[in-house]
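**Q**
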Amino acid sequence: MTTGEHGVLMPSPHKETLRVKSIVVVPTYNEIDNIDTVLNRVRAHAPSSDILVVDDNSPDGTGIVADRRAEDDSHIHVLHREEKNGLGPAYLAGFTWALDHGYELIVEMDADGSHRPQDVALLIQRAEMPDHPDLVIGSRWVSGGTTHGWDAKRVFLSRAGNAYINALLGLGVLDATAGLRVYRANILCGIHPEDIEATGYGFQVNMTKIVHERGGTIVEMPITFLEREAGESKLSGDIFTEELQLVTRWGLAHRATQLKDLSKSVVSTINGKLKDRRAR
Ligand SMILES: Nc1nc2c(ncn2[C@@H]2O[C@H](COP(=O)(O)OP(=O)(O)OP(=O)(O)O)[C@@H](O)[C@H]2O)c(=O)[nH]1
Ligand SMILES: [Mg+2]
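Under our numbering, the first residue of the sequence shown carries the number 777, and numbering increases by one thereafter.
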């Protein structure tokens, strides 16, 4: 795949034989204490996958460390962006790069040690199974999934947030906000950057919604989510507010469409019945 006019994701002329199958996209901002560890772990657990670090010019020099690693290991690549611009735009830039380079499976993974490398390998294996799911989500909330180091309030917030998302959007996914996931390249094809409204953590919900709307198959695999190992969280109240507002707006639009469809079908049923009566 490649990027066409206006940055739209397009099929690429890459030959099948030249393809490297999977790439793990790792967005980073000030992850100097984590970057080496995460790269080592992914290389050890998913040795046939490449890695793309998408760094937003981290002031702590994360991008420089990633460059050094890329010099020594041809499986590691680095995409530098000029300034901190949010998780969503960083991932979109990473997806575009991965599609341009002909990868078939594109993995999302945080740099902070929250996502276990053995779960990454497991999700890739699941994505490679014959049913070829379009999206494999590493889920904390399916049976067998869990979090370590989260207090009851954080568990409640994540579960309640996902229940709200499901009630409004009907995605049928227990962990739509999960950040460890694998996309099949085809399902990302044709996405316009402007289709993605969320810049922060609503990005994961936004992407799940798009895959669902495109009729893609989504499966969830249980994972163990760990607390960040080092460095500071970039999570903020604004990011939660953005997610809540977007989900509410999408949900209202979704339910309005359902009501419109329902009223159309009721009207056409009534009209049909009236016609039958007149005919008799
Ligand atoms: N390139 C880039 N990466 C980002 C940006 N914001 C966050 N990240 C990265 O995205 C990943 C997730 O961010 P975190 O700060 O861990 O957010 P979180 O996992 O929701 O929050 P915690 O559980 O508190 O760690 C990490 O690898 C961050 O370095 C950004 O603006 N640009
Ligand atoms: Mg984190």
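All residues carry an ideal CB built from backbone N, CA and C; glycine is no exception.
Quick caveat, the model's predicted, so the values are computed rather than measured.
Do tyrosine 805 and aspartate 843 have their CB atoms nearer than 8 Å?
**A** No, these two residues do not count as a Cβ contact at 8 Å.
**Q** Comparing C-alpha positions only, which one of Ala866, Leu911, Ser825 sits nearest to serine 850?
**A** Ser825
**Q** Determine the DSSP secondary structure at arginine 902, reduced to helix, strand or coil.
**A** Three-state result, arginine 902: helix.
**Q** Please report the residue range of the alpha helix (DSSP H) in which leucine 933 lies.
**A** 928-945
**Q** Would you call proline 909 buried or exposed, if buried means 16 or more other Cβ atoms sit within 10 Å of its Cβ?
**A** Buried.
**Q** Where does proline 998 sit, in a helix, a strand or coil, going by DSSP?
**A** Strand.
**Q** For aspartate 886, verify whether its CB is less than 7 Å away from any heavy atom of ligand 2.
**A** Indeed, a heavy atom of ligand 2 lies less than 7 Å from the Cβ.
**Q** Could you spell out where the beta strand (DSSP E) holding tyrosine 805 opens and where it closes?
**A** Unbroken run through tyrosine 805: none, as it is neither H nor E.
**Q** Measuring CA to CA, which of Arg957, Lys1036, Arg817, Ala928 is closest to leucine 983?
**A** Here residue 983 is methionine; the residue named in the question, leucine, does not match the sequence. It is Arg957.
**Q** Which residues mark the beginning and the end of the beta strand (DSSP E) in which histidine 853 is found?
**A** 852-856
**Q** Starting from tyrosine 867 and walking both ways along the alpha helix (DSSP H), at which residues does that stretch end?
**A** 863-876
**Q** Within 10 angstroms of the Cβ of phenylalanine 932, are there 16 or more other Cβ atoms? Answer buried if so, exposed if not.
**A** exposed
**Q** Any heavy atom of ligand 2 inside 7 Å of the beta-carbon of arginine 1004?
**A** yes
**Q** Can you check DSSP and say which residues form a bridge with threonine 922?
**A** Thr1000
**Q** Within 10 Å of its beta-carbon, does arginine 1053 have 16 or more other beta-carbons around it, so buried, or fewer, so exposed?
**A** exposed
**Q** Using a Cβ-Cβ cutoff of less than 6 Å, which residues in the same chain neighbour glutamate 904 once the five nearest sequence positions on both sides are dropped?
**A** none
**Q** With a 10 Å radius around its C-beta and 16 neighbouring C-beta atoms as the bar for buried, classify threonine 872 as buried or exposed.
**A** buried
**Q** Smallest Cα separation from aspartate 812: which of Ile799, Gly839, Lys797?
**A** Taking only the C-alpha atoms, the option nearest aspartate 812 is Gly839.
**Q** Kindly indicate which three-state DSSP category aspartate 971 falls into: helix, strand or coil?
**A** Of the three classes helix, strand and coil, the one that applies to aspartate 971 here is helix, per DSSP.
**Q** For valine 830, which beta-bridge partners are listed by DSSP?
**A** DSSP lists Pro803, Leu855 as partners of valine 830.
**Q** Examine ligand 1 and report whether any of its heavy atoms sits within less than 7 Å of the Cβ of glycine 948.
**A** no
**Q** Name the residue from Thr1017, Ile972, Gln1034, Ala874 whose alpha carbon lies nearest to the alpha carbon of alanine 961.
**A** Ala874
**Q** Taking 7 Å as the cut-off, does the CB of serine 890 come closer than this to any heavy atom belonging to ligand 2?
**A** For serine 890, the CB falls within less than 7 Å of some heavy atom of ligand 2.
**Q** Anyone know if the C-beta pair for phenylalanine 1001 and glycine 864 falls short of 8 Å?
**A** no
**Q** Check each candidate in Trp926, Val801, Leu1038 and name the one with the smallest Cα separation from leucine 881.
**A** Val801
**Q** Measuring only the C-alpha atoms, how far is histidine 790 from lysine 797?
**A** Confidence at histidine 790 is low in this model, with a pLDDT of 48, below 50, so its placement is unreliable and no value can be given for it.
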